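Engineer: Here you go, one structure.
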Amino acid sequence: MKEKFVVVDLETTGNNPKKGDRIIQIGLVVVQEGKITARFSSFINPELEIPVFIQQFTGINDAMVKDAPLFSSVAPSLLEYLDGAYFVAHNVPFDLSFLQYELELCGYNGFTGPIIDTVELARLLLPSEEGFKLNHLATKLNLNHDRPHQADSDAEVTAEILLILLSKLVNLPLLTLQRLKPIVSKLDCSLDEIIQNAITEKLTKVALNDHELEEFRQIVLRKPVLFGKQSSPADITEFIEDLPEIETKLSRELEGFEIRHGQKEMMTLIDDALHSNQHLLVEAGTGTGKSIAYLLPGLYFAKQTETTLVISTHTVQLQQQLLERDMEILEKSVSFPFRAAVLKGRSHYLCLRKFEQKLDDHLDQNYDTLLSKGQILIWLTETLEGDVEQLNLPSGGKVFWSEVQSDAITCVGKHCPWFSRCFYHRARNNAHGADLIVTNHALLFTDMTQDHQLLPSYKQVIVDEAHHLEEVASDHFGMRTDYFAFHHLFSRLGTIETNDLLKSIVTIQEKLGLNLDQYFHELDQLIVDLKYDLDECFRMIHATVVRNMTRSKNEVGRLSLRYYPDQMTGNGWREIQEAVLRVQMQLKDTLKLMKRITDELSLEDNELNFTQTGILSAFKGLYANLSEEKGKLEELLLHYDPNYVYWIEVDAKGAKNATYIYSKPVEVSEIMADTFFNKKLSVVLTSATLTVKNSFNYIIQRLGLEDYGVTTHIIDSPFKYSDQVQLMVPTTIPNIKEVDENEYTYEVVISILDIAKVTKGRMLVLFTSYDMLRKAFYQLKDLIVNEEFVLIGQGISSGSRAKLTKNFKQFDQAILFGTSSFWEGVDIPGEDLSCLIIVRLPFSPPDNPVFEARSEKLKELGKSPFMELSLPQAIIRFKQGFGRLIRSSRDRGAVFVFDRRITETRYGKLFIQSLPTVPLQQKSLEQLLYELENWL
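When we follow the numbering used here, the leftmost residue of the sequence shown carries the number 1, and every step to the right adds one.
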């Protein structure tokens, strides 16, 4: 590669040169002919003091730059290096903007040559990478990065990353490069010439010779690996008999591995339950190693009985972990061949037919869409699964994925030219005949609600993270719709004037010589009227909810109002019903016209080419989606089932049509008993949090297991909580019931800051209210001096839970604020987390519609909603939150509970009794901090 690349990294006093920030260090590396040919680095005297935060971040202080040259002295050398070169940086906008500004100040012209941003290049060429920060990429690519945030070291690592990425780029298959070229030309990196040179060189060589790849319909992808049914070996003995041999094998294969006492106990229980057709509940404390404890006996049972065993998890992350990490341990454990398959919801898989069509669609020039197309093109040369979880798409790429994901409605099955290579059907085929199928609760219930069409037949299932089962069942047997569901469908459909689906259908009928113009004009006008009336309908609902509002905001900041469809009279409800009926009539007419058009075009099926078949399939799919939304709107607002709870959520400060309508069954216990437990021979339910005060009664009642003689067992955690954890309740924080929320929040903030000074950050603060989280976050931000602590807040700092957790680990003195999903599933082992604060006991808001309806039902039965529902729910959630702190036998830390109800009420003691035995201290915060400092 003859091009000259100059890799630049700058350290600066801040983020904005126009506000007076200046360069304090320059690192520069020249790359040519595929290797590093020159280096230059220098401190720069910024002629101002370096902020304390920047000194901590970079390790560069005022003394180091005091005698350094001014930028004007090194500018001529920089310009000489940059002459005729590509400007390369890891985040070009930052480094280039500073450089241009300083050059202009010195009277020089700015850089005008080609640029390469290694962040964008890495996103494109490493589409499966978790993150694209310099440190992360250096670690993943096995590069030595000894002095992060110093310009010479950062420039060196960036240059090495550039060489790896360019090598990958030019070695892509010829066809992939040809498809990539028009996409990349519209991105920020100047890659046209590099790609064209690689294409020219490849055209003189023999075509694709990689045996793992194939070209099909002008796209290069990995050849599929298909599995047949594994024959069951005859020499499989009883699992318990084989356990000593398995333990010996594992300790030999994996250094230091041992099967713990709790694991053996759990294995025996599961083996018994599966063979005796029993339902089993096992609470396994953190550190038990429950994945292996259920996988091993589960696999033996599947092989012995020649059946398929299903394993279900709540999160896709655990699903991936089971496949990637635990299956490797399983393979080392047993002496017989077996096969495990992962099956996820259909939307996880790429539809190659849709992607092919979108790839050829040059109308959408949105940056995130273009980057997503490029990423997927490269990913197709690497993936066998086609699972979106392997992709790190840009934020706008989620919209693009929704247009290319697999779905049942638009699938043309065996008529699709991609059918033999379809990722979703391949995953289903691989699941048939597998010994173990790893799926998730959502798919488990989708399979139940769709007449068991998704999963192969199974009679035994192991459910991990089982404390989520009731909530997932409730979601799946419930219903929801909103304005945006309709808006999205009509945006896809478009009009006969816009370049969307309807225009494409019009074009097809014109080419076929069909005379359907009248239908299309009627449909076009109907859609205009329908969009207007839908908007009006949802606005009316929004206004009525706000007007009748007596409730507080929920955890995502929305106002929520419960309603009864059979009692909708007065206060605007009558007008809403009339609006819904009007929309229903228009939807009926719209669907009738769409059906006529579809039927006419389907008669000409043999005349349609591949692209036209895909367009017609998309039109049929949209018809089905619209029909489904029509049914939901009718069910939610015009019908009433007393066994369901109905409510509406609105965003008071958002769009006036931002209205979300829900229904869920009040109880799922009977549904679960009839449709799930009654149909299975053995269901094993496990989690770290299933009991309340060492009793399974709550979960048994909630899931409808009372009549099944279910076996229960608690396996204690192997961790020594009494040595590893201090439970601290400060008596100086006011009682939550005796002060208003603002005063309580202020006391919480002051206390967090005092604790953080002792723990040096490394703290997770769990809230039950998003409103309080926001207030506390900004108050604490104002109190922090010299940016001593990095604050990361859920819903405030951008990114998913995983991204926020990752960012938290990267800073030495960070405080992470979380609510809802942060109470569980967050795994921060080691010294990154040494303090957990629980601001309030996690009771469900009493005005949560589902909680309210369940409470009413309990009252009707003469039971206490607090003791039967509210308290057990809160205890299980509290146990989940508590479990965030200790993730390994080496972890140590303190759990602060700011809610004094935990020690001052009778029910509060039940929270403590549900935890492992830990030392409890109740003292003033000052005394607690003195003891904590000594203990830590």
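Glycine is no exception: its CB is placed at the ideal position from the N, C-alpha and C atoms.
A quick note: this is a predicted structure, and the numbers were derived from the prediction, not measured.
Going by beta carbon distance, what residues of the same chain come within less than 7 Å of I24, once the five residues before and after it are set aside?
Structural biologist: Position 24 of the sequence shown holds residue 24. Counting only Cβ-Cβ distances below 7 Å, and skipping sequence neighbours, we find E11, T12, T13, F43, I44, P46, I50, I60 and V65.
Engineer: With DSSP collapsed to three states, give me the class of W647.
Structural biologist: In the sequence shown, residue 647 corresponds to position 647, counting from 1. W647: strand per DSSP, three-state reduction.
Engineer: DSSP state of L603, grouped into three classes?
Structural biologist: The residue given as residue 603 occupies position 603 in the sequence shown. DSSP places L603 in coil when its eight states are reduced to three.
Engineer: Can you tell me the Cβ-Cβ gap for W379 and L391, rounded? I've got them flagged as a contact below 8 Å.
Structural biologist: By one-based count along the sequence shown, residue 379 stands at place 379. By one-based count along the sequence shown, residue 391 stands at place 391. Between L391 and W379 the Cβ distance is about 6 Å, and since that is below 8 Å, they are a contact.
Engineer: So C835 is in the beta strand (DSSP E); what residue range does that whole segment cover?
Structural biologist: One-based indexing of the sequence shown puts residue 835 at position 835. Residues C835 to I838.
Engineer: Hey, could you find the ends of the alpha helix (DSSP H) N625 is sitting in?
Structural biologist: Numbered from its first residue, the sequence shown carries residue 625 at position 625. N625 -> alpha helix (DSSP H) spans F610 to L638.
Engineer: Measure the C-alpha to C-alpha separation of H467 and Q450 and round it to an integer number of angstroms.
Structural biologist: On the sequence shown, position 467 is the one that residue 467 refers to. On the sequence shown, position 450 is the one that residue 450 refers to. Near 23 Å, if we compare the C-alpha coordinates of Q450 and H467.
Engineer: Which residues bound the alpha helix (DSSP H) around F490?
Structural biologist: What you label residue 490 is simply residue 490 of the sequence shown in a count that begins at 1. Taken as a continuous stretch (DSSP letters only), the alpha helix (DSSP H) holding F490 covers Y483 to L493.
Engineer: Along the beta strand (DSSP E) that carries V404, what are the first and last residues, could you check?
Structural biologist: As a working mapping, residue 404 is identified with position 404 in the sequence shown. First-last for V404: G397 to V404, but that is the alpha helix (DSSP H), not the beta strand (DSSP E).
Engineer: Near D524, what residues of its chain come up, given a Cβ to Cβ distance below 6 Å and the 5 sequence neighbours on each side ignored?
Structural biologist: Counted from its first residue, the sequence shown places residue 524 at position 524. If we look at D524 and ignore the five residues flanking it on each side, its Cβ neighbours are T495 and I496.
Engineer: Suppose contacts are defined by Cβ-Cβ distances below 8 Å. Is D368 in contact with G396 by that definition?
Structural biologist: In the sequence shown, residue 368 corresponds to position 368, counting from 1. In the sequence shown, residue 396 corresponds to position 396, counting from 1. Yes.
Engineer: Just checking: is the beta-carbon of R22 within a distance shorter than 8 Å of some beta-carbon in chain B?
Structural biologist: Protein chain content of the structure displayed is limited to a single chain, and chain B is not contained in it.
Engineer: Taking only runs of the beta strand (DSSP E) that begin and end inside the region 320–362, which ones reach a length of at least 3 residues, in chain order?
Structural biologist: 340–342
Engineer: Reducing DSSP to helix, strand and coil, say where F477 ends up.
Structural biologist: On the sequence shown, residue 477 is found 477 positions in, with the first residue counted as 1. Here F477 sits in coil by DSSP.
Engineer: Starting from P665, follow the beta strand (DSSP E) in both directions and report where the run begins and ends.
Structural biologist: Looking up residue 665 in the sequence shown gives position 665. Per DSSP, P665 belongs to the beta strand (DSSP E) from T659 to P665.
Engineer: Spatial neighbours of I784 within its chain, please: C-beta separation below 8 Å, excluding the five flanking residues on both sides.
Structural biologist: Residue 784 sits at position 784 when you count from the first residue of the sequence shown. Within the same chain, I784 has close Cβ partners L753 and L791.
Engineer: Just to confirm before moving on: does the CB-CB distance between L343 and R428 stay below 8 Å?
Structural biologist: In the sequence shown, the residue the question calls residue 343 occupies position 343. In the sequence shown, the residue the question calls residue 428 occupies position 428. A contact, by the Cβ cut-off of 8 Å.
Engineer: Please list the terminal residues of the continuous beta strand (DSSP E) segment that includes R222.
Structural biologist: Counting from one through the sequence shown, the residue named residue 222 turns up at place 222. Its beta strand (DSSP E) spans residues I219 to R222.
Engineer: Identify the continuous beta strand (DSSP E) that holds R562 and give its terminal residues.
Structural biologist: As a first step, residue 562 must be located in the sequence shown, where it is residue number 562. Where R562 is concerned, the enclosing beta strand (DSSP E) stretches over L559 to Y563.
Engineer: Which partner residues of F817 appear in the DSSP bridge assignment?
Structural biologist: Position 817 of the sequence shown, counted from the first residue, corresponds to residue 817. According to DSSP, which records beta bridges pairwise, F817 is partnered with V765 and G793.
Engineer: Count the other CB atoms, across all protein chains shown, that sit within 10 Å of the CB of N16; report buried if there are 16 or more and exposed otherwise.
Structural biologist: If you number the sequence shown from 1, residue 16 lands on position 16. It is exposed - the Cβ of N16 has fewer than 16 other Cβ atoms within 10 Å.
Engineer: For A38, count the other beta carbons within 10 Å of its own beta carbon; 16 or more makes it buried, fewer makes it exposed. Which is it?
Structural biologist: The count along the sequence shown starts at 1 and reaches residue 38 at position 38. Exposed is the call here.
Engineer: What first and last residue would you give for the beta strand (DSSP E) that runs through E11?
Structural biologist: As a first step, residue 11 must be located in the sequence shown, where it is residue number 11. Run containing E11: K4 to T12, per the beta strand (DSSP E) assignment.
Engineer: Going by C-alpha to C-alpha distance, which of L221, K205 and S821 sits closest to E212?
Structural biologist: Residue mapping note: residue 212 aligns to position 212 of the sequence shown, counting from 1. Comparing Cα-Cα distances from E212 to each of L221, K205 and S821, the minimum goes to L221.
Engineer: Using only alpha-carbon positions, find the residue among G825, S855 and L773 that is nearest to F817.
Structural biologist: By 1-based counting over the sequence shown, the position of residue 817 is 817. Among G825, S855 and L773, the Cα nearest to that of F817 belongs to L773.
Engineer: What residue range does the beta strand (DSSP E) around M728 cover?
Structural biologist: Position 728 of the sequence shown, counted from the first residue, corresponds to residue 728. First-last of the beta strand (DSSP E) with M728: V725 to P730.
Engineer: Report the rounded CA-to-CA distance for E706 versus H279, giving the unit in angstroms.
Structural biologist: Residue numbering aside, residue 706 sits at position 706 when the sequence shown is read from its first letter. Residue numbering aside, residue 279 sits at position 279 when the sequence shown is read from its first letter. The alpha-carbon atoms of E706 and H279 are separated by roughly 11 Å.
Engineer: Between the alpha carbons of S128 and D535, how many angstroms are there, rounded?
Structural biologist: The residue given as residue 128 occupies position 128 in the sequence shown. The residue given as residue 535 occupies position 535 in the sequence shown. Near 40 Å, if we compare the C-alpha coordinates of D535 and S128.
Engineer: Quick check on DSSP: helix, strand or coil for Q375?
Structural biologist: Reading the sequence shown from its first residue, position 375 is the one you call residue 375. Helix.
Engineer: Could you check the C-alpha separation between E215 and L163 for me, to the nearest Å?
Structural biologist: For the purposes of this step, residue 215 is taken as residue 215 along the sequence shown, with counting starting at 1. For the purposes of this step, residue 163 is taken as residue 163 along the sequence shown, with counting starting at 1. C-alpha of E215 to C-alpha of L163: approximately 27 Å in a straight line.
Engineer: Where in the region 126–179 do unbroken runs of the alpha helix (DSSP H), each at least 4 residues long, occur, reported from the N-terminal end onward?
Structural biologist: Entirely contained in the region 126–179, the alpha helix (DSSP H) runs reaching 4 residues are, in chain order, 134–140 and 151–170.
Engineer: Nearest by alpha-carbon distance to R147: which of K140, L141 and N135 is it?
Structural biologist: Position 147 of the sequence shown holds residue 147. Among K140, L141 and N135, the Cα nearest to that of R147 is on N135.
Engineer: Please state whether the Cβ-Cβ distance between Y644 and Y563 is less than 8 Å.
Structural biologist: In the sequence shown, residue 644 corresponds to position 644, counting from 1. In the sequence shown, residue 563 corresponds to position 563, counting from 1. No, the pair does not count as a contact, with Cβ atoms beyond the cut-off.
Engineer: Quick one: any contact between the region 304–315 and the region 440–459, if contact means 3 or more CB pairs under 8 Å?
Structural biologist: yes
Engineer: Starting from the N-terminal side, write out each stretch of the beta strand (DSSP E) that is 3 residues or longer and does not extend beyond the region 234–318.
Structural biologist: 280–284 and 309–313
Engineer: For V88, report the span of its alpha helix (DSSP H) as first-last.
Structural biologist: Taking the first residue of the sequence shown as 1, we reach residue 88 at position 88. Element bounds for V88: not the alpha helix (DSSP H) but the beta strand (DSSP E), Y86 to A89.
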